[in-house]
Amino acid sequence: MFNPHTSRLAQPGLIPDFDRPHGLPVFGSVQDALAAYEGDDPIYVLYPKLIESAAETFLNGFPGKTIYAVKANPHPAVLRTLWASGIRAFDVASVREIDLLKATCPDAELFLMHPVKSRQTIRHAYAAGIRHFAFDCAAELGKILVETGDAADLHLHLRLSLPQTGSATMPLDGKYGAGYREAVELLRAARPVSQKLGVCFHVGSQCMDPADYIRTLSYVHGLLDEADIRIDSLDCGGGFPVAYPGLTPPPMQDYFARIRKGIEIVGFSDLEIIGEPGRALCGAGGSTLARVELRKGKDLYLNEGSYGSLFDAANCAWKYPVKLHRDGKSSEKTEDYRFFGPTCDSLDTMAGPFHLPSDVREGDWIEICHLGAYGQALATGFNGFQSETTIAVV
Ligand SMILES: Cc1ncc(COP(=O)(O)O)c(C=O)c1O
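Residues 1 to 394, numbered by the numbering used here, are exactly what the sequence shown covers, in order.
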């Protein structure tokens with residue numbers, strides 16, 4: 001039988017194919033995996049084909065270089081799948097992410113796009129061969145220059161804060177980025193000390209309106225005009241969405257078309273264009289299997305919660321698509337449920353509502369889908385509830 005510690009043994013339902021890039025135990029279906037599972041913890045599922053297909057969408061459609069924002073899901077299986085799909089550049093934020101990439105994809109090009117880094121991180125990154133650094137103020141620019149010994153080969157990226165409120169479900173504008181005036185000054189200060197200079201921005205995660213990108217490109221154009229500074233690259237950040245209940249975005253090609261059009265209109269065609277998707281590369285390609293430990297009315301107590309992979313379901317009230325898995329039939333009638341996680345505090349509540357068959361009972365497994373980004377990546381071991389089990393379903 002399958003259990004996390006002996007998962008490399010060939011067992012019924014388990015296809016022992018560890019030569020695939022992701023290196024995970026492989027099952028033909030979630031039902032096969034559950035039939036073979038003896039553990040007590042939730043199971044993280046990756047669908048490598050969906051991750052490959054998302055990578056292909058970007059590699060064929062995004063009008064520039066695609067770099068994967070590792071924070072969305074740093075599981076080595078995800079990194080290896082993306083590498084095997086042709087993604088060659090990765091956005092890292094910390095020493096551990098740098099070391100992880102060096103270990104899993106040693107030939108990858110790394111971008112340290114966190115706008116605020118420790119001096120030790122900057123030194124570590126430069127020694128590891130990283131030349132791409134983001135900054136959003138003079139003090140951070142100074143840190144980069146000092147800690148790289150005033151290196152002559154830096155590609156610096158000025159992170160902008162965006163003036164307009166966009167359509168992103170998860171705004172990222174409260175913390176980082178230079179405002180208009182400051183950006184003008186910083187571009188002038190950074191030009192002479194950069195081998196290459198670029199600007200970068202983030203329209204916010206799960207951006208629902210492709211026009212946000214075109215509006216931002218026009219803002220960048222005005223800013224560069226004012227600064228009268230030549231730049232080499234433009235990084236459009238992340239924000240590319242995934243479908244969730246109540247949050248159905250336009251097709252990805254609309255986002256690419258708007259960016260392409262914006263580049264053409266404002267005359268950025270000679271710049272190196274970069275995109276930093278996280279969610280869009282791995283969100284649809286992962287899910288969590290959580291078991292029902294108890295049912296009280298329409299409340300389901302699960303072995304997974306807000307301190308596990310359901311952080312956004314609890315704290316941002318996101319409704320993920322859900323499916324019931326049971327060995328046998330379930331009711332055709334449905335109910336709206338609320339989920340409770342396994343820890344003792346009331347924050348560990350996922351309000352949903354989650355739409356499932358009316359006869360959900362103890363022992364059923366619920367697959368919480370489209371959780372490949374910012375799911376497993378956010379899981380803690382609080383209260384001893386955690387899972388080491390990740391499988392691939394092909
Ligand atoms: C610098 C940077 N790049 C890229 C991303 C990825 O964003 P998303 O997952 O919305 O594509 C983030 C997310 O926080 C980020 O901070």
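Every residue, glycine too, gets a C-beta built ideally from N, C-alpha and C.
- Boundaries of the beta strand (DSSP E) around Met170: Ala168 to Met170.
- Judged by their CB atoms, Leu160 and Ala190 are not nearer to each other than the 9 Å cut-off.
- Per DSSP, the unbroken alpha helix (DSSP H) holding Glu185 starts and ends at Tyr180 to Ala190.
- At a threshold of 8 Å, Phe240 counts as near ligand 1, since its beta carbon sits closer than that to one of the ligand's heavy atoms.
- Within 8 Å of the C-beta of Arg80 there is not a single heavy atom belonging to ligand 1.
- The beta carbon of Pro249 is closer than 7 Å to those of Met208, Pro241 and Ala243 in its chain, skipping five residues each way along the sequence.
- DSSP places Met252 inside the alpha helix (DSSP H), whose first and last residues are Met252 to Val266.
- Partner residues in the beta bridge of Asp91, as assigned by DSSP, are Ala69 and Phe111.
- Collapsing the DSSP output to three states places His221 in a helix.
- For Ser85, the three-state secondary structure derived from DSSP is helix.
- Between ligand 1 and the CB of Lys71, the shortest heavy atom gap is smaller than 8 Å.
- One Cα belongs to Ala280, the other to Arg361, and the distance between them is close to 33 Å.
- For Glu52, the CB contacts under 7 Å within the same chain, skipping 5 residues up- and downstream, are Thr81 and Ser85 in chain order.
- Less than 9 Å divides the Cβ of Thr349 from the Cβ of Gly341.
- Residue pairing of Gly198 in beta bridges, as defined by DSSP: His157 and Ser233.
- The shortest CA-to-CA distance from Pro42 to any of Tyr307, His157, Phe268 and Ser269 is the one to Tyr307.
- Shown here, Cys207 sits in a strand according to DSSP, grouped into three states.
- DSSP links Ser287 through a beta bridge to Val45.
- When only Cα atoms are considered, Ala290 and Val78 end up about 21 Å apart.
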